[in-house]
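To start, the structure under review is shown below, and the notes come after it.
Chains as they are written, first to last, in this note's numbering: chain D, 1 to 347; chain S, 1001 to 1347.
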């Protein structure tokens, strides 16, 4: 008996490593000192111009959006989702990404699928100017169903300590600016899948007129990166707080950056939730409060600024190509939390 | 229908977050600037004394050693395995760890199990002096079998660029020093499990006289961290190359650090492989070449040094508490690769 007989094919893994190496190289920035194949990746951060350099790191996964990718046989977008999600998570602290590492686990290695997944990761890294510094592709017989895999990622960014964004300066009277999401991003898929695939019996190839596309196209829309749009405003010191609207929706994510005595008041009428959200709510008979605590409802990122800085912030966002920025509410005195008014009659 | 109905319990996840936060806090070093709950963890590296600071990062998983933990219902050691594995992977480049992030994915959240896993991660972090800076606990209904989970980790360390260890200076005549492993560490479990559980029909509670313990005890022995033993020698500049003996064994890992023109010649008679390896080879009828390309065979870390530096290196290792260091071979002219002699009559 040998290792291959036990379900692990080191040679086939070796061929994949060569493809992954080329993909990783396509993302290399000037900071990368090592090539893939060493035990760890080596990165030399540019520290010039930083008074007090700090590292900001985050780990995340793609969640059950992967199940939609499996059903659609489309494996080259979930990696972009993953990178963008991680990049947004450190952006909201005021950091720009330096490098990324991925973890891809399967039951039986299918090199073409794995290469497509990593190609997506590399696409995401290039688009965000961060290097794919390393990663792990694990073949774990008996752990994953045939054709399935899990994907996690890890990003490290850098910031100047005095420029970190942490929401501490937020006060009543501040303004909440929302940036549009592209769809579900990577949150709420367990509920969305249940409604779409189980309750409605649709498949990834089913076309839904309300959505203007197939279920697969809608549910695989790529999680946006807000780096390009938001970074100039961060550098200009225009934002006091940033919230990435992920699992838990606006309801759970906004309070993460609110200091004591500050409550977020959201006017649901300020923007129009994209059709996928109204579709899921109606067909799934989901209470409004659950919608806002599960999905991003069309707002993927929230910026908090002084009322007086709002025009300058909106101009900086527009300059960076973000045309859809909209004031979605204000900060008022109260316990940290989110109060909604407008359409749907409150949570 | 709501999110809980779809298999994701945000409230129960919230309770777990509180326990994880306490575990993470127990690992905090002076560099940690943020508390868990922010979107990303913030770490201020101590740069004083470093001429040209570089970051070294690595991602890894535990592999199907997890399956043994599931069978044994013992969830608090795999996290230590994971941290130690990652720490060794950057140690071999000459870096000491700063911080760690974990990714834990399950089908249905079992807070006690998840907390035990993270407790192991925190134990590993404390023992290696690195902070558990963040992580992700993902509940993915339908992705994992009941009672199962996957666990991955990411470590970031720091080094002075001119002190990086990369094997480039290795020349024929250099000496290979091996450090003992504690058992299988985290590699070769798919093959080991097949032999032990399928071929032999043993269970985790079966006692095996040759091993002097139960199957579960043997297979869950913790992957050693070599940081404490090896770091003084790295700081003293005594090592020219370091190889962590992971998947692929000595056969695949030693060549990763050998420059062109250098071949590793290993004398298998120089150390005695622990009983688990002879047990697996005999009962699984595994060819010797496969054994050395699948398992660590009792050597978890290899250090390469000048012949003249050998006594000083062995003394530094002994001083650091590493009594079992042994010369396992030498570097000779040849193509990068490993040639074996001694017991078993060659590969």
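We put the beta carbon where it would ideally sit given N, CA and C, even for glycine.
Are residue 1273 of chain S and residue 1329 of chain S touching if we call contact CB-CB under 8 Å?
Not a contact, by the Cβ cut-off of 8 Å.
Is the shortest distance between the beta-carbon of residue 1228 of chain S and the beta-carbons of chain D less than 8 Å?
Cβ-Cβ to chain D under 8 Å: no for residue 1228 of chain S.
Once DSSP output is grouped into helix, strand and coil, what is the label at residue 102 of chain D?
Of the three classes helix, strand and coil, the one that applies to residue 102 of chain D here is strand, per DSSP.
Please list, in chain order, the residues of the segment 1049 to 1072 of chain S that have any C-beta partner in chain D closer than 8 Å.
So the list reads 1052, 1053, 1054, 1055, 1056, 1057, 1058, 1059, 1060, 1061, 1063, 1064, 1066, 1067, given in the order they occur along the chain.
Answer with yes or no whether the minimum CB distance from residue 301 of chain D to chain S is below 8 Å.
Taking Cβ atoms only, chain S never reaches closer than 8 Å to residue 301 of chain D, which makes this a no.
Please confirm if residue 1197 of chain S has its CB atom under 8 Å from at least one CB of chain D.
Output row for residue 1197 of chain S: interface = no.
Given that a residue counts as buried once 16 or more other Cβ atoms are within 10 Å of its Cβ, and exposed if not, what is residue 1047 of chain S?
When all chains shown are included, residue 1047 of chain S counts as exposed.
What number of angstroms, rounded off, separates the C-alpha of residue 1239 of chain S from the C-alpha of residue 177 of chain D?
Rounded to the nearest angstrom, the two C-alpha atoms are 55 Å apart.
Report the residues of the segment 1140 to 1157 of chain S with a CB closer than 9 Å to any CB of chain D, ordered along the chain.
Those residues of the segment 1140 to 1157 of chain S that come within reach of chain D (Cβ to Cβ, closer than 9 Å) are 1140, 1141, 1142, 1143, 1144, 1145, 1148, 1150, 1152, 1153, 1154, 1155, 1156, 1157.
In chain S, what lies closer than 7 Å to residue 45 of chain D by C-beta?
Neighbours of residue 45 of chain D on chain S, chain order: 1055.
Residue 85 of chain D by DSSP, collapsed to three states: which one?
Residue 85 of chain D: helix per DSSP, three-state reduction.
What three-state label does DSSP hand residue 174 of chain D in the structure shown?
Here residue 174 of chain D sits in coil by DSSP.
Which value, in whole angstroms, describes the spacing of the CA atoms of residue 243 of chain D and residue 287 of chain D?
Roughly 23 Å between the two C-alpha positions.
For residue 1244 of chain S, return the contacting residues in chain D, with the cut-off set at a CB-CB distance below 7 Å.
Result: 39.
Using 8 Å as the limit for Cβ to Cβ distance, is residue 90 of chain D near chain S?
Closer than 8 Å: yes.
Under the three-state reduction of DSSP, which class applies to residue 1206 of chain S: helix, strand or coil?
Coil.
Looking at the structure shown, is residue 1055 of chain S part of a helix, part of a strand, or coil, going by DSSP?
Correct three-state label for residue 1055 of chain S: strand.
Spell out the partners DSSP gives residue 305 of chain D in its beta bridges.
Its beta-bridge partners are D/175.
Between the C-alpha atoms of residue 1187 of chain S and residue 170 of chain D, what's the straight-line distance to the nearest angstrom?
In a straight line, the C-alpha of residue 1187 of chain S is about 50 Å away from that of residue 170 of chain D.
Going by DSSP, what residue range makes up the beta strand (DSSP E) through residue 292 of chain D?
No beta strand (DSSP E) contains residue 292 of chain D, which is instead part of the alpha helix (DSSP H) from 288 to 294.
For the segment 79 to 105 of chain D, enumerate the residues whose C-beta is nearer than 9 Å to any C-beta of chain S, in chain order.
If the cut-off is 9 Å between Cβ atoms, the segment 79 to 105 of chain D has 86, 88, 89, 90, 91, 92, 93, 95, 98, 99, 101, 102, 103, 105 near chain S.
To which residues of the same chain is residue 1063 of chain S closer than 6 Å at the C-beta, ignoring the five residues directly before and after it?
Result list for residue 1063 of chain S: 1186, 1189, in chain order.
Using a C-beta to C-beta distance shorter than 7 Å, which residues of chain D count as neighbours of residue 1353 of chain S?
Outside the shown range of chain S, which is 1001 to 1347, sits residue 1353 of chain S, and nothing can be said about it.
Just to make sure I have the definition right: I need the residues of chain S whose C-beta is within less than 8 Å of the C-beta of residue 133 of chain D. Which are they?
Neighbours of residue 133 of chain D on chain S, chain order: 1057.
Do residue 91 of chain D and residue 227 of chain D have their C-beta atoms closer together than 8 Å?
In this structure, residue 227 of chain D lies closer than 8 Å to residue 91 of chain D by Cβ.
Taking only beta-carbon positions, decide if residue 136 of chain D is within less than 8 Å of chain S.
Yes - at least one Cβ of chain S is within 8 Å of the one on residue 136 of chain D.
Quick check for students: name the residue ranges of the beta strand (DSSP E) that lie wholly in the segment 1216 to 1291 of chain S, counting only runs of 3 or more.
Segments of the beta strand (DSSP E) lying fully in the segment 1216 to 1291 of chain S: 1241 to 1244, 1262 to 1267.
Is residue 157 of chain D buried or exposed, if buried means 16 or more other CB atoms sit within 10 Å of its CB?
Label assigned to residue 157 of chain D: buried.
Answer yes or no: do residue 1117 of chain S and residue 1061 of chain S have a C-beta to C-beta separation smaller than 8 Å?
Against a cut-off of 8 Å, the Cβ pair of residue 1061 of chain S and residue 1117 of chain S comes out as no contact.
What are the residues in the segment 166 to 185 of chain D lying within 8 Å of chain S by C-beta distance?
Flagged, chain order: 166.
Just checking, does the segment 1206 to 1219 of chain S make contact with the segment 1086 to 1100 of chain S on the three C-beta pairs under 8 Å criterion?
These segments do not touch.
So which residues of chain S does residue 161 of chain D contact, with C-beta pairs closer than 7 Å?
Chain S residues near residue 161 of chain D: 1044.
Would you call the CB atoms of residue 295 of chain D and residue 277 of chain D closer than 8 Å?
It is a contact, given that the beta carbons lie within the stated cut-off.
Specify the secondary structure class of residue 1112 of chain S as computed by DSSP and reduced to three states.
In the structure shown, residue 1112 of chain S sits in a helix (DSSP, three-state: H, G or I).
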